[in-house]
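Trainee: Pasting a structure below so you can have a look.
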Amino acid sequence: MNVKTVLILLVLALATIFALVCVLLTRGRAPSTCRQQPPEQEHSDDGRSLVFADLSPEEMAQVVRYLQGHLGVPLVPAKAEVLRFLDGGGARPPREALAVLYFGNQPDPNVTEYVVGPLPTPLYHRDVTVQKYGGKVPYHRRPVTPKEYVDINALIQRELRKAPRFLAACCESNGTDLAILTTAPRGFKSGDRATWFVLFHGTAGTGYYLSPVGLEVLVEHRDRHVSRWQLRQVFYNGRYFSSTGDLERAFADNLLEVIRIEKPRAEAVLGSMRPRRPPGSPGPLQYEPQGPRYRIRDNRVTFQGWSIVFGMNPNSGPRLFDIRYRGERIVYELSLQEALALYGSNCPGGMSTRYLDGSFGIGRFAYELVRGLDCPYTATYVDRHYLVESETPKTNQNSLCIFEHDAALPLRRHFSDSQSLYYGGLRKNTLVIRAISTLINYDYIWDFMFHSSGAVEVRVHATGYISSSFLHGRGTNYGNRVGPHTLGTLHLHHMHYKVDLDVGGQLNSLETQDMGYKLVKDPWSMQNTIEQLYLRRERLEREDEAAFPLNTAMPRYLSFASPKPNKWGHQRSYRIQITSFAGEHLPTSSPMERSISWGRYQLAVTRRKEEEPTSTSIYNQNDPWTPTVAFADFINNETITNEDLVAWISVGFLHVPHAEDVPNTVTVGNGVGFFLRPYNYFDEDPSVDSPDSIYFSGEQDAGACGANPLACLRPAAACTPHLPPFRYGGFLNL
Numbered sequence: 001m002n003v004k005t006v007l008i009l010l011v012l013a014l015a016t017i018f019a020l021v022c023v024l025l026t027r028g029r030a031p032s033t034c035r036q037q038p039p040e041q042e043h044s045d046d047g048r049s050l051v052f053a054d055l056s057p058e059e060m061a062q063v064v065r066y067l068q069g070h071l072g073v074p075l076v077p078a079k080a081e082v083l084r085f086l087d088g089g090g091a092r093p094p095r096e097a098l099a100v101l102y103f104g105n106q107p108d109p110n111v112t113e114y115v116v117g118p119l120p121t122p123l124y125h126r127d128v129t130v131q132k133y134g135g136k137v138p139y140h141r142r143p144v145t146p147k148e149y150v151d152i153n154a155l156i157q158r159e160l161r162k163a164p165r166f167l168a169a170c171c172e173s174n175g176t177d178l179a180i181l182t183t184a185p186r187g188f189k190s191g192d193r194a195t196w197f198v199l200f201h202g203t204a205g206t207g208y209y210l211s212p213v214g215l216e217v218l219v220e221h222r223d224r225h226v227s228r229w230q231l232r233q234v235f236y237n238g239r240y241f242s243s244t245g246d247l248e249r250a251f252a253d254n255l256l257e258v259i260r261i262e263k264p265r266a267e268a269v270l271g272s273m274r275p276r277r278p279p280g281s282p283g284p285l286q287y288e289p290q291g292p293r294y295r296i297r298d299n300r301v302t303f304q305g306w307s308i309v310f311g312m313n314p315n316s317g318p319r320l321f322d323i324r325y326r327g328e329r330i331v332y333e334l335s336l337q338e339a340l341a342l343y344g345s346n347c348p349g350g351m352s353t354r355y356l357d358g359s360f361g362i363g364r365f366a367y368e369l370v371r372g373l374d375c376p377y378t379a380t381y382v383d384r385h386y387l388v389e390s391e392t393p394k395t396n397q398n399s400l401c402i403f404e405h406d407a408a409l410p411l412r413r414h415f416s417d418s419q420s421l422y423y424g425g426l427r428k429n430t431l432v433i434r435a436i437s438t439l440i441n442y443d444y445i446w447d448f449m450f451h452s453s454g455a456v457e458v459r460v461h462a463t464g465y466i467s468s469s470f471l472h473g474r475g476t477n478y479g480n481r482v483g484p485h486t487l488g489t490l491h492l493h494h495m496h497y498k499v500d501l502d503v504g505g506q507l508n509s510l511e512t513q514d515m516g517y518k519l520v521k522d523p524w525s526m527q528n529t530i531e532q533l534y535l536r537r538e539r540l541e542r543e544d545e546a547a548f549p550l551n552t553a554m555p556r557y558l559s560f561a562s563p564k565p566n567k568w569g570h571q572r573s574y575r576i577q578i579t580s581f582a583g584e585h586l587p588t589s590s591p592m593e594r595s596i597s598w599g600r601y602q603l604a605v606t607r608r609k610e611e612e613p614t615s616t617s618i619y620n621q622n623d624p625w626t627p628t629v630a631f632a633d634f635i636n637n638e639t640i641t642n643e644d645l646v647a648w649i650s651v652g653f654l655h656v657p658h659a660e661d662v663p664n665t666v667t668v669g670n671g672v673g674f675f676l677r678p679y680n681y682f683d684e685d686p687s688v689d690s691p692d693s694i695y696f697s698g699e700q701d702a703g704a705c706g707a708n709p710l711a712c713l714r715p716a717a718a719c720t721p722h723l724p725p726f727r728y729g730g731f732l733n734l
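Using full-length UniProt numbering, the first residue of the sequence shown is number 1, and each one after it goes up by one.
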């Protein structure tokens, strides 16, 4: 195998080129008795949405072939160039890919990023690493690859064989049936690559995360030669040892307290999700009697005035572009940036864990959705393609879903019982774009919802398994006991989003409004006073004013305002409304805090810059002490009046696991997010134009179809949809 071949294999192993192209419209269609309505009309965009499209499998293959011939992840072009194309009749930007190469077999090992283009037939590549990061990315910052994990597992298995009697006594195991869980980051300073691995009983068909055996090992894997890797420390039941051999000797000399953990039985294992009762009658089924009311073309979905371009980044996950309502762009980019999970424990693995999930691949690990549970049975499902450790792209089919959702709640309503008798209202129907990422033990449900009031709702729910530590000593200072020897460890969830709002154009200002009281003399009784409630308005002029630290008071109304007025003379605006219960991400004195300094702020508004495209980097996980991207550097007190602005939003919550988190954490109460709500953007609520509006008066026959569309539902829904057969391929390509 020559050097070029080795380098190409490194490229294939570590450069994730991601795509989302094939929309599968294999959805449930109503039988002939259910009349299909034609899809809503949309203006042709002449394929304009494809300027944001993720790479197709064919384009991935072309990039690989080009790199194989010219070696010595999809890109979004510059905003100004895209807007000239979308709005000004400019030329279509060239389609390019980002290739991330890990050069280990060099005198100066490094990570290099190349732009390759134009697609579909590449002709050039250029190094953009220095332009993006100010210098080469050191090799030790690279994410851990699957091959690296395989080699680490082999090392751990060799070391475990040195303690056979201890393993038999503590765990009824020879080590080969134990599951191994990584932690991160990997050391205490830049250049370190030493990882604690936590060992669990593994039982087929259930999550091992609730069955720790008390054994953890520290593996040094910094050297580029696998043969030089070594196990540096062993932890068991509150004690540290220099090797598994020392652990075995302590056991043999009766110097070790061993807690015997029986191998769990599949039918009784803690955390089993197998049903305990036979299936009951089917629950309510959501379906569209006359077919879907939204339309998908390429990577754009339209619905009752909304137009959204959707995609998926392999590292940071779901991202949306060119979000328009009634033809006007409201958001240029709305994208997830990072998900942080930070743990506490009195075991080394738990206490040192600060997972930055973008480094593992929030988008890459968005697997196939289960029809009828993860999303409505008749939702539209979209495939996702990626290329890793192969020259052939792989597909996670049905890994993003789109559907209309009836919230069973009025969006607005009123029953008039005075002066005149009438009822008016509108159902709360929303368009939902959803993906679900499985990141080791946790499953994150990412929702983007579009309301007929012109509001955008972004929401994330956490479910899946809690992570746990072996219960010993004063373990309950760090969580709750949830099993015989299992400590559910407390942890924080923090998610960060980028929202590039363009409200009435690119140039916006940041306006705040809040309430105040002032003591005034009563105008009609001057000898008395009254506490008069008034509106306090303020324009924030600079970035430092617009960076709101976590857990501090923030104005109740905060809006991106256009200089253009609405009919009533107010600035057309969109309000940011956050729902979050986040705990402190890290003390600012921590040497690794700058790598997650976006967590300092519940909201920060900055001027948009092409050189500040993301708030973090996949390289921050393994070198948080010298972060490749430090969000705090974005905030440098520049003016934010009549500028192109970006809102960076953090949401999260503290999770103290408890008995009811077994077998799984439930989504109830474990959801956070934010709204983008029109605030004087329109002249009235735009939902008045919804075809779903209901109105009838006391003089009308509300049961007549002509007077009340709800009376038409009985014949319209008197049919059963023809559902496609259930199929699932989510276990393929793992």
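Don't be surprised by glycine CBs; every beta carbon is placed ideally from N, CA and C.
Model, not experiment: these values are computed from the prediction.
Tell me the rounded alpha-carbon separation between residue 570 and residue 680.
Mentor: The straight-line gap from Cα to Cα measures roughly 6 angstroms.
Trainee: For residue 422, which residues of its own chain have a beta-carbon under 6 angstroms away from its beta-carbon, when the five flanking residues on both sides are left out?
Mentor: Cβ within range, chain order: 416, 697.
Trainee: Would you identify the three-state DSSP class for residue 227, choosing helix, strand or coil?
Mentor: Three-state DSSP puts residue 227 in a helix.
Trainee: Going by DSSP, which residues form a beta bridge with residue 573?
Mentor: According to DSSP, which records beta bridges pairwise, residue 573 is partnered with 561, 679.
Trainee: Ordered along the chain, which non-local residues of its own chain (more than five positions away) have a Cβ less than 6 angstroms from that of residue 179?
Mentor: The residues are 200, 202, 208.
Trainee: Does the stretch 345-352 come into contact with the stretch 433-451, if we say contact requires no fewer than three beta-carbon pairs (one atom in each stretch) closer than 8 angstroms?
Mentor: Judged by Cβ distances under 8 angstroms, the stretch 345-352 makes no contact with the stretch 433-451, as fewer than three pairs qualify.
Trainee: Would you kindly check if the distance between the Cβ of residue 644 and the Cβ of residue 507 is under 8 angstroms?
Mentor: Yes.
Trainee: Determine which residues share a DSSP beta bridge with residue 221 and list them.
Mentor: Note: residue 221 sits in no beta bridge, so no partner.
Trainee: To which residues of the same chain is residue 512 closer than 7 angstroms at the C-beta, ignoring the five residues directly before and after it?
Mentor: These residues qualify, in order along the chain: 538, 540, 555, 557, 558.
Trainee: For residue 589, does the count of other Cβ atoms within 10 angstroms reach 16, so buried, or fall short, so exposed?
Mentor: Exposed is the call here.
Trainee: What is the residue span of the alpha helix (DSSP H) that residue 132 lies within?
Mentor: Start and end: 129-133.
Trainee: Could you tell me which uninterrupted beta strand (DSSP E) segments, each at least 3 residues in length, are contained entirely in the stretch 438-514, listed from first to last along the chain?
Mentor: Runs found: 442-451, 456-464, 468-470, 479-483, 486-489, 491-501.
Trainee: If you count every other CB in all the chains shown that lies within 10 Å of the CB of residue 609, and 16 or more means buried, which is it?
Mentor: That one is exposed.
Trainee: Of all the options 85, 686, 118, 137, which has the alpha carbon lying nearest to the alpha carbon of residue 109?
Mentor: Taking only the C-alpha atoms, the option nearest residue 109 is 137.
Trainee: Within 8 angstroms, do at least three Cβ pairs link the stretch 236-244 to the stretch 179-192?
Mentor: Flag = no, the stretch 179-192 and the stretch 236-244 do not touch.
Trainee: Tell me where the alpha helix (DSSP H) around residue 532 begins and ends.
Mentor: No alpha helix (DSSP H) holds residue 532; the beta strand (DSSP E) holding it covers 525-540.
Trainee: Let me know if residue 731 comes out buried or exposed under the rule of 16 or more other beta-carbons within 10 Å of its beta-carbon.
Mentor: Exposed, because fewer than 16 other Cβ atoms sit within 10 Å of the Cβ of residue 731.
Trainee: Measure the alpha-carbon distance for residue 263 versus residue 143 and round it to whole angstroms.
Mentor: Going from the Cα of residue 263 to the Cα of residue 143 covers about 33 angstroms.
Trainee: Buried or exposed for residue 397, going by 16 or more other Cβ atoms inside 10 Å?
Mentor: Buried, because 16 or more other Cβ atoms sit within 10 Å of the Cβ of residue 397.
Trainee: Given a cut-off of 8 angstroms on the beta-carbon distance, is the pair residue 631 and residue 597 in contact?
Mentor: Contact flag set, yes.
Trainee: Across the stretch 369-387 and the stretch 522-530, are there enough close Cβ pairs to call them in contact, namely three or more that are closer than 8 angstroms?
Mentor: No, they do not touch.
Trainee: Mind pulling the beta strand (DSSP E) runs of 3 or more residues that sit fully within the UniProt domain "Copper amine oxidase N3-terminal" (142-239)?
Mentor: Counting whole runs of 3 or more residues, the UniProt domain "Copper amine oxidase N3-terminal" (142-239) contains the beta strand (DSSP E) stretches 178-182, 194-201, 212-220, 230-236.
Trainee: Under three-state DSSP, which class holds residue 67?
Mentor: Helix.
Trainee: Hey, could you find the ends of the alpha helix (DSSP H) residue 248 is sitting in?
Mentor: Per DSSP, residue 248 belongs to the alpha helix (DSSP H) from 244-252.
Trainee: Who are residue 319's beta bridge partners in DSSP?
Mentor: Partner(s): 311, 335.
Trainee: Do residue 482 and residue 578 come within 8 angstroms of each other at the CB atom, strictly closer than that value?
Mentor: Cβ atoms of residue 578 and residue 482: not closer than 8 angstroms.
Trainee: Roughly how many whole angstroms lie between the Cα atoms of residue 63 and residue 134?
Mentor: Taking the straight line joining both Cα atoms gives about 25 angstroms.
Trainee: Would you tell me roughly how many angstroms separate the C-alpha atoms of residue 641 and residue 647, rounded to the nearest one?
Mentor: Cα to Cα, residue 641 sits roughly 14 angstroms from residue 647.
Trainee: Whole-angstrom Cβ separation of residue 94 and residue 118, contact assumed at under 8 angstroms?
Mentor: Right, their Cβ atoms sit about 4 angstroms apart.
Trainee: On the DSSP letters alone, give me the boundaries of the alpha helix (DSSP H) that residue 87 sits inside.
Mentor: Here the alpha helix (DSSP H) through residue 87 covers 79-87.
Trainee: Rounded to whole angstroms, how far is the Cβ of residue 619 from the Cβ of residue 141, which I believe are closer than 8 angstroms?
Mentor: Residue 619 to residue 141, Cβ: 4 angstroms. Contact.
Trainee: In angstroms, rounded to a whole number, what distance separates the CA positions of residue 593 and residue 480?
Mentor: Computed Cα separation, rounded: 27 angstroms.
Trainee: Report buried or exposed for residue 473, applying the criterion of at least 16 other Cβ atoms within 10 angstroms of its Cβ.
Mentor: Under this definition residue 473 is an exposed residue.
Trainee: From the DSSP secondary-structure annotation, give me the bridge partner or partners of residue 643.
Mentor: According to DSSP, residue 643 bridges with 508.
Trainee: On the CB-based measure, 16 or more other CB atoms within 10 Å of its CB, does residue 684 come out buried or exposed?
Mentor: Burial call: exposed.
Trainee: May I have the straight-line CA-CA distance separating residue 261 from residue 115, to the nearest angstrom?
Mentor: Answer to the nearest angstrom: the Cα atoms are 53 angstroms apart.
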